[in-house]
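Chemist: Numbering (our numbering), first residue to last: 7 to 235. Just so you know, even glycine gets a beta-carbon here, dropped at the ideal spot from N, CA and C. A quick note: this is a predicted structure, and the numbers were derived from the prediction, not measured.
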Ligand SMILES: O=C(CO)[C@@H](O)[C@H](O)COP(=O)(O)O
Ligand SMILES: [Co+2]
């Protein structure tokens, strides 16, 4: 099942992925229905442990709850110190792709291989201050690279353009790799990310702080389509 969903994630781009961090968790069912009606193809879930990042969000019960209300593929962004501690429970809860931070682990290739052995996709993320060289040796083992355009931990932060250079460089060196960007993506920043070669665009405030999710997503889609590379 997860392999099919992973294929859907691979083929979704270019596409906006709503980050549920800022959604109304008191009414998940309605929130998910609105996102599905708006044409969402993949959900982005932010898991924070209060240790790797100074913020705490949610774990398996919420991921499982989201899965009960939606069949959309789930891209789970693990901002946690020990990704393998919770990888299997996250897969059991319904995750289809697990993205861990390269800053959190000793051997990113080994972590990615272990995640893949669980039948889901593996992604590796890097914060704005982390050099691309931190990914040396692991890119053959991952399905996706998540280039952070803010320091992981909070929604609503300002976009850091260092992410654009990293995307362009990865696109050139690994043209077949799936590239995702996360943090401060909105109508002002999304086209530059697309022009730099990005496939998947995580958006939190750019959707959930807007009155109408569908028109917010449609405007972001239009900006992606109009991007010049
Ligand atoms: O991973 C994170 C934050 O660490 C994100 O997925 C944010 O939730 C994106 O929110 P905006 O920057 O779009 O408001
Ligand atoms: Co995220």
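(1) Who are the Cβ neighbours of residue 159 in its own chain at under 8 Å, not counting the five residues just before and after it?
(2) Quick check on this structure: which residue in 25, 88, 82 and 34 has the alpha carbon closest to the alpha carbon of residue 56?
(3) Residue ranges of each alpha helix (DSSP H) run of no fewer than 4 residues wholly in the stretch 101–160, ordered along the chain?
(4) Just the Cα atoms here: how many angstroms apart are residue 174 and residue 95?
(5) Taking 8 Å as the threshold, find out whether the stretch 170–189 comes into contact with the stretch 116–124 through three or more Cβ pairs.
(6) Sort 188, 161, 171 and 77 by Cα distance to residue 129 and report the nearest one.
(7) State the start and end residues of the unbroken alpha helix (DSSP H) segment that holds residue 92.
(8) Does the count of Cβ pairs from the stretch 160–167 and the stretch 202–220 closer than 8 Å reach three?
(9) Suppose contacts are defined by Cβ-Cβ distances below 9 Å. Is residue 101 in contact with residue 51 by that definition?
(10) Since residue 187 is in the beta strand (DSSP E), which residue starts that stretch and which ends it?
(11) On the CB-based measure, 16 or more other CB atoms within 10 Å of its CB, does residue 24 come out buried or exposed?
(12) Any idea what DSSP makes of residue 67, helix, strand or coil?
(13) Who are the near neighbours of residue 9 in its chain, counting only those whose CB is closer than 7 Å to its CB and skipping five residues on each side?
(14) Quickly, what does DSSP pair residue 208 with across the bridge? List them, please.
(15) Exposed or buried, residue 231, counting other C-beta atoms within 10 Å across all chains shown (16 or more means buried)?
(16) So residue 202 packs on residue 170, CB below 8 Å; how close in whole Å?
(17) Pull the bridge partners of residue 40 from the DSSP assignment, please.
(18) Is residue 158 near ligand 2 - that is, is its Cβ less than 8 Å away from at least one heavy atom of it?
(19) Roughly how many angstroms lie between the CA atoms of residue 90 and residue 11, to the nearest whole one?
(20) From residue 49 to residue 194, what distance separates their C-alpha atoms?
(21) Going by C-alpha to C-alpha distance, which of 219, 220, 209 and 13 sits closest to residue 83?
(22) Using the three-state DSSP reduction, which class does residue 75 fall into: helix, strand or coil?
(23) The beta strand (DSSP E) spanning residue 228 covers which residue range?
Modeler: With the structure as the only source:
(1) Numbered from its first residue, the chain shown carries residue 159 at position 153. Excluding sequence neighbours, residue 159 sits near 54, 59, 60, 61 and 85.
(2) Start at 1 with the first residue of the chain shown, and residue 56 comes out as number 50. Nearest C-alpha to residue 56: 88.
(3) For the stretch 101–160, the continuous alpha helix (DSSP H) assignments of 4+ residues that do not extend past its boundaries occur at 114–122, in sequence order.
(4) The residue labelled residue 174 in the question sits at position 168 within the chain shown. The residue labelled residue 95 in the question sits at position 89 within the chain shown. Cα to Cα, residue 174 sits roughly 34 Å from residue 95.
(5) no
(6) On the chain shown, position 123 is the one that residue 129 refers to. Closest by alpha carbon: 188.
(7) Numbered from 1 along the chain shown, position 86 holds the residue referred to as residue 92. Boundaries of the alpha helix (DSSP H) around residue 92: 89–99.
(8) Contact check between the stretch 160–167 and the stretch 202–220: three or more CB pairs, one atom from each, fall below 8 Å, which counts as touching.
(9) Counting from one through the chain shown, the residue named residue 101 turns up at place 95. Counting from one through the chain shown, the residue named residue 51 turns up at place 45. Yes.
(10) As a working note, residue 187 is residue 181 in the chain shown. Residue range 184–188 is occupied by the beta strand (DSSP E) that includes residue 187.
(11) Working through the chain shown from its first residue, we reach residue 24 at position 18. Looking at its Cβ environment, which holds 16 or more other Cβ atoms inside 10 Å, residue 24 is buried.
(12) In the chain shown, counting from the first residue as 1, residue 67 sits at position 61. Helix.
(13) For the purposes of this step, residue 9 is taken as residue 3 along the chain shown, with counting starting at 1. So the list reads 125, once near-sequence residues are dropped.
(14) One-based indexing of the chain shown puts residue 208 at position 202. For residue 208, which the question treats as bridged, DSSP gives the partners 23 and 188.
(15) In the chain shown, the residue the question calls residue 231 occupies position 225. Residue 231 is exposed by the Cβ-count criterion.
(16) Taking the first residue of the chain shown as position 1, residue 202 is located at position 196. Taking the first residue of the chain shown as position 1, residue 170 is located at position 164. Indeed, because the Cβ distance is near 5 Å, the residues count as touching under 8 Å.
(17) Your numbering for residue 40 matches position 34 in the chain shown. Paired residues: none, contrary to the question.
(18) Sequence index remark: in the chain shown, residue 158 carries index 152 (1-based). For ligand 2, at least one heavy atom lies less than 8 Å from the Cβ of residue 158.
(19) Here residue 90 corresponds to residue number 84 of the chain shown, with the count starting at 1. Here residue 11 corresponds to residue number 5 of the chain shown, with the count starting at 1. Going by the C-alpha atoms only, they are around 21 Å apart.
(20) Position 43 of the chain shown, counting from 1, holds the residue named residue 49. Position 188 of the chain shown, counting from 1, holds the residue named residue 194. Between the alpha carbons of residue 49 and residue 194 lies a distance of about 22 Å.
(21) By one-based count along the chain shown, residue 83 stands at place 77. Nearest to residue 83 by alpha-carbon distance, out of 219, 220, 209 and 13, is 209.
(22) Start at 1 with the first residue of the chain shown, and residue 75 comes out as number 69. Three-state DSSP puts residue 75 in a helix.
(23) Locating residue 228 in the chain shown gives position 222, counting from the first residue. Bounds of any beta strand (DSSP E) do not take in residue 228; it lies within the alpha helix (DSSP H) bounded by 219–231.
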